[in-house]
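According to the working numbering, the sequence shown is numbered sequentially starting from 134.
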Amino acid sequence: VLLGAAALKVLTDIPRIKGNPYVIVGDAEDKPRSDLKRPWKRITAHASLPNLRLHDLRHSFASVGVASGMGLPIVGKLLGHASPTTTARYAHIAEDASRRALNTIESTIAAGIGLPVDTADVVPIKQGMS
Numbered sequence: 134v135l136l137g138a139a140a141l142k143v144l145t146d147i148p149r150i151k152g153n154p155y156v157i158v159g160d161a162e163d164k165p166r167s168d169l170k171r172p173w174k175r176i177t178a179h180a181s182l183p184n185l186r187l188h189d190l191r192h193s194f195a196s197v198g199v200a201s202g203m204g205l206p207i208v209g210k211l212l213g214h215a216s217p218t219t220t221a222r223y224a225h226i227a228e229d230a231s232r233r234a235l236n237t238i239e240s241t242i243a244a245g246i247g248l249p250v251d252t253a254d255v256v257p258i259k260q261g262m263s
């Protein structure tokens, strides 16, 4: 699991229970906490975000990565997805990034040939033409 410096700092600052190897301990000795619903409910209530789900954080992480131009395979690896199909749920965000890239390239080319983007003639290309 790859973690950034901020995440490592949060985990490092969590008090440890001597003899228990887990960061978030369960009720039974030497067991991890298996359900985060109750603590998550307290956290979101305290932050005035009662409808925020843990999964929303994963989705936001993926969305920011894809919108920043990172490919779906990289984002999927960071999320621990075994299948590209799972990460493909974020493809709509990749399409938004592609649209922004297209607009930037189009503007650059139009400026290079002396045409404003909004007045550039669009010439449809018919299939089968060479």
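In this text, a Cβ means the ideal position worked out from N, Cα and C, and glycines have one as well.
C-beta contact flag for residue i and residue j at 8 angstroms
i            : j              : result
glycine 202  : alanine 230    : yes
alanine 221  : leucine 205    : yes
arginine 166 : isoleucine 157 : yes
valine 197   : tyrosine 223   : no
leucine 190  : threonine 177  : no
Sheet register partners of residue i (DSSP bridge)
i             : result
histidine 158 : Checking the sequence, you will find valine at residue 158 rather than histidine. Per DSSP, Pro165.
Buried or exposed by the 16-neighbour rule on C-beta atoms within 10 Å, applied to residue i
i              : result
tyrosine 155   : exposed
valine 143     : exposed
isoleucine 246 : exposed
alanine 195    : buried
isoleucine 207 : exposed
isoleucine 242 : exposed
Residue i versus residue j: straight-line alpha-carbon distance, rounded
i              : j              : result
asparagine 153 : isoleucine 147 : 13 angstroms
isoleucine 238 : proline 217    : 28 angstroms
valine 250     : leucine 235    : 12 angstroms
arginine 233   : alanine 161    : 51 angstroms
histidine 192  : leucine 248    : 40 angstroms
glycine 213    : isoleucine 150 : 28 angstroms
leucine 141    : valine 134     : 11 angstroms
proline 183    : leucine 169    : 14 angstroms
histidine 179  : histidine 188  : 18 angstroms
alanine 138    : serine 240     : 37 angstroms
aspartate 163  : histidine 225  : 42 angstroms
threonine 219  : glutamate 228  : 16 angstroms
lysine 174     : glycine 159    : 17 angstroms
threonine 145  : alanine 244    : 51 angstroms
Checklist entry - Which residue spans inside the stretch 165-233 form an unbroken alpha helix (DSSP H) run of at least 4? => result 170-179, 187-200, 205-212, 217-220
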